[in-house]
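Protein chains in written order, with the numbering used here: chain A, 24 to 212; chain B, 24 to 212; chain C, 24 to 212; chain D, 24 to 212.
4 protein chains.
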Amino acid sequence: MRHKDDNKHLAICDAAIELITTNGFADSSMAKIAKAANVSPATIYVYFENKEDLLKKVYLLVKQELSTKLLHGFSESLPVAAGFRVIWDNFYRYALENPVRFAFTEQFANSPLVDGCREESMNFFHPLLRLIERGQAEKIIKDMPLEIFIAFTFSPLTGLIKEQFSNRIVLDQQTLDMIFEIAWDAVTV
Amino acid sequence: MRHKDDNKHLAICDAAIELITTNGFADSSMAKIAKAANVSPATIYVYFENKEDLLKKVYLLVKQELSTKLLHGFSESLPVAAGFRVIWDNFYRYALENPVRFAFTEQFANSPLVDGCREESMNFFHPLLRLIERGQAEKIIKDMPLEIFIAFTFSPLTGLIKEQFSNRIVLDQQTLDMIFEIAWDAVTV
Amino acid sequence: MRHKDDNKHLAICDAAIELITTNGFADSSMAKIAKAANVSPATIYVYFENKEDLLKKVYLLVKQELSTKLLHGFSESLPVAAGFRVIWDNFYRYALENPVRFAFTEQFANSPLVDGCREESMNFFHPLLRLIERGQAEKIIKDMPLEIFIAFTFSPLTGLIKEQFSNRIVLDQQTLDMIFEIAWDAVTV
Amino acid sequence: MRHKDDNKHLAICDAAIELITTNGFADSSMAKIAKAANVSPATIYVYFENKEDLLKKVYLLVKQELSTKLLHGFSESLPVAAGFRVIWDNFYRYALENPVRFAFTEQFANSPLVDGCREESMNFFHPLLRLIERGQAEKIIKDMPLEIFIAFTFSPLTGLIKEQFSNRIVLDQQTLDMIFEIAWDAVTV
DNA sequence: AATGAATGAGGATTCATTCAT
DNA sequence: AATGAATGAATCCTCATTCAT
Numbered sequence: 024m025r026h027k028d029d030n031k032h033l034a035i036c037d038a039a040i041e042l043i044t045t046n047g048f049a050d051s052s053m054a055k056i057a058k059a060a061n062v063s064p065a066t067i068y069v070y071f072e073n074k075e076d077l078l079k080k081v082y083l084l085v086k087q088e089l090s091t092k093l094l095h096g097f098s099e100s101l102p103v104a105a106g107f108r109v110i111w112d113n114f115y116r117y118a119l120e121n122p123v124r125f126a127f128t129e130q131f132a133n134s135p136l137v138d139g140c141r142e143e144s145m146n147f148f149h150p151l152l153r154l155i156e157r158g159q160a161e162k163i164i165k166d167m168p169l170e171i172f173i174a175f176t177f178s179p180l181t182g183l184i185k186e187q188f189s190n191r192i193v194l195d196q197q198t199l200d201m202i203f204e205i206a207w208d209a210v211t212v
Numbered sequence: 024m025r026h027k028d029d030n031k032h033l034a035i036c037d038a039a040i041e042l043i044t045t046n047g048f049a050d051s052s053m054a055k056i057a058k059a060a061n062v063s064p065a066t067i068y069v070y071f072e073n074k075e076d077l078l079k080k081v082y083l084l085v086k087q088e089l090s091t092k093l094l095h096g097f098s099e100s101l102p103v104a105a106g107f108r109v110i111w112d113n114f115y116r117y118a119l120e121n122p123v124r125f126a127f128t129e130q131f132a133n134s135p136l137v138d139g140c141r142e143e144s145m146n147f148f149h150p151l152l153r154l155i156e157r158g159q160a161e162k163i164i165k166d167m168p169l170e171i172f173i174a175f176t177f178s179p180l181t182g183l184i185k186e187q188f189s190n191r192i193v194l195d196q197q198t199l200d201m202i203f204e205i206a207w208d209a210v211t212v
Numbered sequence: 024m025r026h027k028d029d030n031k032h033l034a035i036c037d038a039a040i041e042l043i044t045t046n047g048f049a050d051s052s053m054a055k056i057a058k059a060a061n062v063s064p065a066t067i068y069v070y071f072e073n074k075e076d077l078l079k080k081v082y083l084l085v086k087q088e089l090s091t092k093l094l095h096g097f098s099e100s101l102p103v104a105a106g107f108r109v110i111w112d113n114f115y116r117y118a119l120e121n122p123v124r125f126a127f128t129e130q131f132a133n134s135p136l137v138d139g140c141r142e143e144s145m146n147f148f149h150p151l152l153r154l155i156e157r158g159q160a161e162k163i164i165k166d167m168p169l170e171i172f173i174a175f176t177f178s179p180l181t182g183l184i185k186e187q188f189s190n191r192i193v194l195d196q197q198t199l200d201m202i203f204e205i206a207w208d209a210v211t212v
Numbered sequence: 024m025r026h027k028d029d030n031k032h033l034a035i036c037d038a039a040i041e042l043i044t045t046n047g048f049a050d051s052s053m054a055k056i057a058k059a060a061n062v063s064p065a066t067i068y069v070y071f072e073n074k075e076d077l078l079k080k081v082y083l084l085v086k087q088e089l090s091t092k093l094l095h096g097f098s099e100s101l102p103v104a105a106g107f108r109v110i111w112d113n114f115y116r117y118a119l120e121n122p123v124r125f126a127f128t129e130q131f132a133n134s135p136l137v138d139g140c141r142e143e144s145m146n147f148f149h150p151l152l153r154l155i156e157r158g159q160a161e162k163i164i165k166d167m168p169l170e171i172f173i174a175f176t177f178s179p180l181t182g183l184i185k186e187q188f189s190n191r192i193v194l195d196q197q198t199l200d201m202i203f204e205i206a207w208d209a210v211t212v
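Shown next as structure tokens:
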């Protein structure tokens, strides 16, 4: 579905992300989002069915953005370890450079609001999945379900990034290297 | 003069946990919580200052409950590895037996709504912290900040429990043992 | 895009004046005012920021209405005494013909609720102020602060009108003439 | 009806006057009055039937206090003019020394809440009424209804005291003397 | 007499959404 | 497509009052 003004679509999404991350979901009414996007409340309903639809679409948009940035500089021709490190670094950089979007994603990861679209959001990460499968085929990565692989690589990193945002830890390059090493050790043979 | 009724306090807390976990904080109005607790809306305000205060107090209550159950069967006289395994198993069992409370905690782990009381909730986990310090003193556990230790032990487990609740994975005993082994390897020398 | 409806604005104001005068400000809920104005409670907030803003705007509206009617038949070319008598009579007639609005004004004349807009409401009465200044320049009116002039002219009249509304006195033409005479004597040389 | 603890009765009245005058009627809930009086909300209902009853009783109490102070130093054996000046001065002094109570009275003089007890409150002022009647019998005071006498004596003074409290005028001794003179001239032959 | 707990009713206000232009 | 007006329903919370002790 094409709309006349893609700028408005984006403006509404940006305003929603910003407001929800800053003030929380409860304080982000359609009227406030509209005002922040410089648009009439009624206009939001031209682009989105209702508030829940807006939320899910925004969630998917952010996930898609993330997946694109995750693959920056990545190529399927890279060795498994190198390729994974590229994605790993991209993830960390993304979080640092887009703290609001990162926080937004995390806030909704456990919310019942986006229950229906978590599966859909996974589609964006196919290249990563293929990389892991290749690693397992090459006997580099342990034979374990994808979920466990994620649990020992991105879960710790995500948790530590949040700790850094909360000023409870500082992730300097040395620490980052150490974390990567531990994670990579954990999932490789 | 009537006395404050502990049953009412608990009924309100239980209703709040149940509703908030199922429908989210925003969709759990004080009226709904009151009705679920079989109490007048105004009665909630006898026990809690306002909705946010209710959330924070409930969050702390759940954290405290968790911390108590975490230490079941634990003793400071146990060897580090064995002691940690006790706590680890207790955590998994707690999540399985209290899925609503577990989901509740996760939903608010990163929420700005409970920002003020996260520190306070940490106090409940002192025995675990001391265990880790002992492990480091005995050169069993790697010399790393507490946050990183958590990131490679409880973060993966938590993530995988959520995957199991979402029916994307099944954690049988063999898998659990494997996960524990990976985690313990990751943080020990 | 719909346009703001002047009828609705007026209906809300009228309902507010009527209800507040009859039942007092505290007992005139926004819901009651809305119902009396045949409007949704939410609609009031399209025209007024909140209850206090509604009160202040209504207060100013009534004051402005009054000031307009006060000057009916008045001209700056009239002699001071005659000009003042025109305004005096207009005031009495206004009170008689608009008892609700008159009572409304009196109820809030000393209320802290309209503190901010009393000054603004004074602007409507400039012609009267100029008349008094002219009277003083022509050595007809005693040299006294405006407040004292008001205190011996409109304060007594206002008080007596209220007594009449409470059926404790009847202001026939003869009595009115006497009152005017006393007041005019009091403030003229 | 005698109550065990007259202190409590008075404390409640004082708290009510203070709160209502400071924060307005709407913000003076029974709970707040109770707290300000260091008493349980339920205790208020031991001394007063309900909120309206409390208000009326407080209004009457203040009026009675005022009437007592008005007669300080007054004697029926004084000449009319001197006697009236005593009461006049007492009234001004009362307002100055009890601004809260003065404001309270004024705020309620026009309120529909005390409609029923205005008559009753008049009983306290019998000596003043008799003085005026004596003045008329002695052909000193003009033959006019009591209401008109009040309208040209206490109404102006009351209005000017309020102007002074609002910092729009300063009533120094000279001004006060002038005002008295004008008022007395207005009502005497 | 005195009180803190308890509550149903109602308070002001905001909500997501639709209407009319 | 776009919008400000309009709204019934729902929000959190406070109220005057009563209950149970």
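Backbone N, C-alpha and C define an ideal beta-carbon position, used for all residues, glycine too. Since the model is a prediction, treat every value here as computed from it, not as a measurement.
Just the chain A side, please: which residues come within less than 7 Å of residue i by C-beta, in chain order?
i      : result
S178/B : S178, P179, G182
A174/B : P179, G182, L183
Q159/B : Here the premise fails: no neighbours, minimum Cβ distance about 15 Å.
E143/B : Neighbours of E143/B on chain A: none; closest Cβ ~14 Å, over 7 Å.
Pull up the DSSP beta-bridge partners for residue i, would you.
i      : result
T211/D : I164/D
Taking residue i as the query, report the chain B residues whose CB atoms sit under 7 Å from its CB, ordered along the chain.
i      : result
E170/A : L183, E186, R191, I192
I205/A : F175, A209
What residues from chain C crowd round residue i, counting only those whose CB sits closer than 8 Å?
i     : result
E75/D : What E75/D touches in chain C: nothing, since even the nearest Cβ is about 11 Å away.
Given that residue i touches chain B, what residues does it touch there, using C-beta distances under 8 Å?
i      : result
L136/A : G47
D208/A : D208, A209
So for residue i, helix, strand or coil by DSSP?
i      : result
F97/D  : coil
N46/C  : helix
V193/A : coil
M24/D  : Caution is warranted here: a pLDDT of 45 is assigned to M24/D, below 50, making its placement in the model unreliable, and no coordinate value can be reported.
With residue i and residue j assumed to form a contact (beta carbons below 8 Å), what rounded beta-carbon distance in angstroms separates them?
i      : j      : result
F188/D : P122/D : 6 Å
T45/C  : K86/C  : Incorrect: roughly 20 Å between the Cβ atoms, too far for contact.
A209/B : A57/A  : With 8 Å as the limit, A209/B and A57/A do not qualify as a contact, their Cβ atoms being about 47 Å apart.
A118/B : I184/B : 5 Å
A59/D  : L78/D  : 15 Å between Cβ atoms; not a contact.
N61/D  : A34/D  : 7 Å
Y70/D  : S144/D : At roughly 20 Å, the Cβ-Cβ gap does not stay under 8 Å, so Y70/D and S144/D are not in contact.
K165/B : V212/B : 6 Å
So which residues on chain C does residue i lean against when the C-beta distance must stay under 7 Å?
i      : result
E129/D : N133
I202/D : I171
What alpha helix (DSSP H) runs, 4 residues minimum, are completely inside the region 51-133 of chain A? Complete alpha helix (DSSP H) runs here, min 4: 53-59, 64-70, 74-93, 103-120, 122-132.
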